[in-house]
Every structure is written in structure tokens, then in C-alpha cells.
Amino acid sequence: MKRILKVGLTGNMGCGKSEVRRALSRRGYPTIDADSLAKQIAVSHPEAVREIKARFGDEVYLADGSLNRRLLAEKVFGDADALAALNRILHPRVMQEVERQLQTLAQRGEAIAVIEAALFYETGWDRDMDAMVVVYAPLEDRIRWIMQRDGSTREQILARMAHQMPLEEKVKRADFVIQNTGSLEHLNMEVERLHRWLQEQRQKR
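Under the working numbering, think of the first position of the sequence shown as 6, with each following residue one higher.
As C-alpha cells, this is what we get:
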């Protein structure tokens with residue numbers, strides 16, 4: 006069985022990486038949304054739930070068992086130790102689930118899989134990928150898009166961004182960079198450019 010090409014897709018808040026993942030999925034690429042997996046694990050994995058409650062308090066879960074995301078975010082953002090603790094609880098389990106899905110895709114005969122995650126570089130997970138793709142968008146554009154998306158204030162957004170590696174540093178470490186100007190037409194052109202590059206990487210294997 007030929008080894009699947011693992012492509013990490015990342016970028017900072019508001020850069021449009023999820024839109025890129027969806028565009029690649031429409032082109033037929035198998036994709037995995039690691040951040041959504043983390044949210045699922047936080048409510049469905051008994052050990053993870055127990056550890057989160059022990060670290061952050063029972064109140065971070067609502068009566069129906071769902072996660073009180075706003076409260077957890079308040080406890081985590083602005084506290085580097087708390088954020089690191091949450092990552093220690095979730096990240097190994099996310100990696101394990103991603104590897105399981107990758108094995109299934111490889112057995113199915115897929116040549117390439119795209120894994121979207123926010124914290125590839127921050128956690129060192131990029132080293133497990135065969136190639137890294139970073140989506141870049143200017144800071145002021147990202148702030149404006151996030152404000153429009155979820156109503157956060159500029160100060161709240163900047164506080165959350167402070168816990169991510171600077172996007173410019175991720176760009177320097179990327180194998181491929183997508184420039185997101187905010188135009189869907191331009192973004193689709195960039196995704197098409199990425200598609201051609203991925204096919205070139207596949208041929209080299």
C-alpha cells in the first residue's frame with residue numbers, strides 16, 4: 006500500500022483556511038478538520054471530559070453535556086498555562102483520531118489527504134506532515150472579517166491572536182502559501198494553483 010501524502014493546512018484566525026479546505030474538498034481531495042475533531046472529543050471522549058472538568062471546573066459543561074465554549078474561552082485565552090493544559094488534553098487525542106482516519110484513507114487508495122488545524126506549528130505537529138500550506142491574509146483584513154463573523158471586539162480578537170505564532174513566521178516555514186485578498190474569485194485561483202502544486206508533489210513520490 007502506497008503511503009498517503011499528508012498535507013497540513015493552517016494559518017491564523019480569520020485567514021480563510023476553512024474556506025480553502027472546503028474548496029479542496031469540492032475538487033475531490035479528502036480533508037480532515039482537526040479543529041472540529043477537537044470540539045467533538047471535548048464532549049464525546051469520557052477521559053477528555055473528565056480531565057477538562059478537573060482542570061477548568063464542571064461549569065464549563067452545560068446541563069445537556071455540551072461545552073460552554075464561551076466560558077472555556079474566557080478561562081483559556083489570556084492564560085498561557087491554561088491554554089497549554091487544554092492542548093495537552095485534546096491534542097494527542099486529535100492526532101490519534103487523525104492518524105486513524107489517514108489509515109482508512111490510505112487503505113481506500115487515496116494519494117493525498119489535507120488536514121486543517123490552527124496549531125500545527127505551535128505544537129510541532131507540522132513535523133509529521135509531508136508538506137505544509139499556509140493561508141495568508143493581512144492583519145486588518147482578518148480583524149475585520151472576524152468582527153463581521155462573530156461580533157468580537159478588536160481588543161478580544163487581538164488578545165486571542167496573541168496566543169498564535171505570528172502569521173508571517175508561519176509563511177516563512179510553509180512549503181506553499183495561499184494569498185487571501187478577500188475575493189472569492191482570487192481565492193479560487195489560488196486554490197487552483199495549490200491543486201497543480203499538490204499534483205506535482207504527488208508525481209514526485
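Just so it is clear, CB atoms sit at the ideal spot from N, CA and C, and this is done for glycine as well.
query	result
Start-to-end residues for the alpha helix (DSSP H) that takes in T128	125-128
Straight-line gap, Y126 to D86 (C-alpha atoms, nearest Å)	18 angstroms
Residue burial classification, M18 (beta-carbon count within 10 angstroms, cutoff 16)	buried
Contact set for D40: own chain, Cβ-Cβ below 8 angstroms, skip 5 residues either direction	E121, A122, A123
Contact belief for C20 with V140 at Cβ below 8 angstroms, rounded distance in angstroms	5 angstroms
Nonlocal neighbours in the same chain, by C-beta distance under 7 angstroms from R98, ignoring five residues either side	I46, H50, A53
Buried or exposed (CB count within 10 angstroms, at least 16 for buried), L14	buried
R93 versus G62 - alpha carbon distance	16 angstroms
Spatial neighbours of L76 in its chain, beta-carbon cut-off 8 angstroms, leaving aside the 5 residues before and after	E64, V65
D38, buried or exposed, once every other Cβ within 10 Å from all chains shown has been counted against 16	buried
Of the residues W130, A28, T36, the one placed nearest H195, counting alpha carbons only	In the sequence as displayed, the identity of residue 195 is Glu instead of His. Considering only alpha carbons, the answer is A28.
L192 vs E24 beta-carbon contact at 8 angstroms	yes
Terminal residues of the alpha helix (DSSP H) in which I162 lies	159-166
Pairwise C-alpha distance: R149 and N185	14 angstroms
Endpoints, the alpha helix (DSSP H) within which M100 is located	85-112
Residues that M137 bridges to, as DSSP identifies them	G13
Same chain, Cβ closer than 6 angstroms to R60, five either side skipped, listed in chain order	A90
Whole-angstrom distance between R132 and Q112, CA atom to CA atom	23 angstroms
For F61, three-class secondary structure by DSSP	helix
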